[in-house]
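Chemist:
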Amino acid sequence: MLGFLRFLIIGFVLLTLLYGLLSIYIRSLTRERLEHEWEEEGSIGERDAYVEEGIKAYERSFRPKLLLLVYILPLIVFAAIFYVSNFM
Amino acid sequence: MRYVKWTLIALILLFIGSFLHYTLPQHDIVRVVNTYEERQDLSGWTTMFWQGTDNGSTTGNATRDVQFIQAVRPNGKSIVYRNEDTGWGWPPYFKFDTANLYTEANDAISTKDNPEWISVTHYGWRSQLLSIFPNAVGIKQVSGPDARIIPWANIIILTLLFVFIVTLYRMWQQFRQRTIDPLVEDVEDVLEAADEKKDSAIDKIKGWFKR
């Protein structure tokens, strides 16, 4: 049982690290995209305000929630390996 | 210096390569001839080629009984597998069905005259010198000694690994481009400003002596 706990904890820590990194990365990509959009639309208004608005819209959207797949997919993979290893 | 660098890179690649080669699943087509169980005294550095004792499935002794599966390859060479639970430990095969696998292996025993070809999925290396054995993970009956097995697991794992490394690299590039470079530019601006100040100060001092 201790082995299981250790597996869970280490897995959770690693996935959380990956989640954090990915979330920063995707936010940065979104920010870059928004900056380009602002320029393409003819640089109307304040750039920072435009970008912040876009970031807020991104946070409200469904897309950041997709990042939870970082936790869900490995869980599915684990279940699949467990099944194949022991019951097939 | 260049040789040192390339030797180091080659060593790292070699290490990663052997790690993957040891850990990823492989398939052997063999004929199972016998199984046995033997007391093993696990000490010294080769212990790492045996199952760890704290994986939630094996318990704590440095000496324990280990099951083995003896087999013969189509070319007549012999190969021996160990049969141990990986449990929750490394590598993550989550194998708990050692006893069942032992039974299946016994069921698959066949003679030279009437061979039954079996694909043994395993990881690890066999070394006579070090007395280490690959760990059998699963067995499956196949049509013949040259049945074709597509290593789907390896294809998927290596692809995912590649995607993961590329993503990490892209992340690092993005971080550098958007966080480090602007910082460096700021510092350069400051240095430039300081440089100009210094120049003007020097001019000033020179100015004193001009007359």
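Residue numbers (this note's numbering), protein chains in the order written: chain A, 22 to 109; chain B, 4 to 214.
Backbone N, C-alpha and C define an ideal beta-carbon position, used for all residues, glycine too.
The structure displayed is predicted, hence computed values, not measured ones.
Can you tell me where the beta strand (DSSP E) with Tyr-215/B in it begins and where it stops?
Modeler: Nothing about residue 215/B can be read from this structure; chain B reaches only from 4 to 214.
Chemist: Can you round the beta-carbon distance between Ala-74/B and Val-33/B to whole angstroms, since I take them to be within the 8 Å contact cut?
Modeler: Against the second sequence, residue 74/B aligns to sequence position 71. Against the second sequence, residue 33/B aligns to sequence position 30. The C-beta distance from Ala-74/B to Val-33/B rounds to 4 Å, short enough to meet the 8 Å contact threshold.
Chemist: In this structure, what does DSSP give as the bridge partners for Phe-71/B?
Modeler: Locating residue 71/B in the second sequence gives position 68, where the first residue counts as 1. Phe-71/B is bridged to Tyr-39/B and Arg-85/B.
Chemist: Tyr-46/A: which of Gln-176/B, Ile-158/B and His-30/B sits nearest, CA to CA?
Modeler: Locating residue 46/A in the first sequence gives position 25, where the first residue counts as 1. Residue Gln-176/B is the option with its Cα nearest to Tyr-46/A.
Chemist: Going by DSSP, what residue range makes up the alpha helix (DSSP H) through Asn-107/A?
Modeler: The sequence position of residue 107/A within the first sequence is 86, counting from 1. For Asn-107/A, the uninterrupted alpha helix (DSSP H) segment begins and ends at 90-108.
Chemist: Closer than 7 Å, Cβ to any Cβ of chain A: which residues of the segment 161-187 of chain B, in chain order?
Modeler: Met-174, Gln-177 and Arg-181
Chemist: Does DSSP put Ala-108/B in a helix, in a strand, or in coil?
Modeler: Position 105 of the second sequence, counting from 1, holds the residue named residue 108/B. Helix.
Chemist: Identify the contact partners of Tyr-46/A in chain B, using a Cβ-Cβ distance below 9 Å as the criterion.
Modeler: Translated into the one-based positions of the first sequence, residue 46/A becomes position 25. Under the 9 Å cutoff, chain B gives Thr-170, Arg-173, Met-174, Gln-177 and Phe-178.
Chemist: Over what stretch of residues does the alpha helix (DSSP H) that includes Ile-2/B continue unbroken?
Modeler: Absent from the structure is residue 2/B, since the part of chain B shown begins at 4 and ends at 214.
Chemist: Please confirm if the segment 75-90 of chain B is in contact with the segment 123-139 of chain B, defined as three or more CB-CB distances below 8 Å between the two stretches.
Modeler: Taking a contact to require three or more Cβ pairs closer than 8 Å, the segment 75-90 of chain B and the segment 123-139 of chain B qualify as touching.
Chemist: Tell me the DSSP secondary structure of Lys-201/B in three-state form.
Modeler: Along the second sequence, read from residue 1 onward, the residue named residue 201/B stands at position 198. Correct three-state label for Lys-201/B: helix.
Chemist: Give a yes or no on whether the minimum CB-CB distance between Tyr-105/B and chain A is below 8 Å.
Modeler: To locate residue 105/B, count along the second sequence from 1; it is residue 102. Not an interface residue.
Chemist: For chain B, is any of its Cβ atoms less than 8 Å away from the one on Gly-41/A?
Modeler: Sequence index remark: in the first sequence, residue 41/A carries index 20 (1-based). Closer than 8 Å: no.
Chemist: Just to make sure I have the definition right: I need the residues of chain A whose C-beta is within less than 9 Å of the C-beta of Pro-94/B. Which are they?
Modeler: Counting from one through the second sequence, the residue named residue 94/B turns up at place 91. Per Cβ cutoff of 9 Å: no residues; Pro-94/B is ~10 Å from chain A at best.
Chemist: When you check each C-beta in the segment 126-145 of chain B against every C-beta of chain A, which residues fall closer than 8 Å?
Modeler: Val-140 and Gly-141
Chemist: Round the Cβ separation of Ile-102/A and Tyr-96/B to the nearest angstrom and send it over; I've been treating them as touching at under 8 Å.
Modeler: Counting from one through the first sequence, the residue named residue 102/A turns up at place 81. Counting from one through the second sequence, the residue named residue 96/B turns up at place 93. That pair is a contact at about 7 Å.
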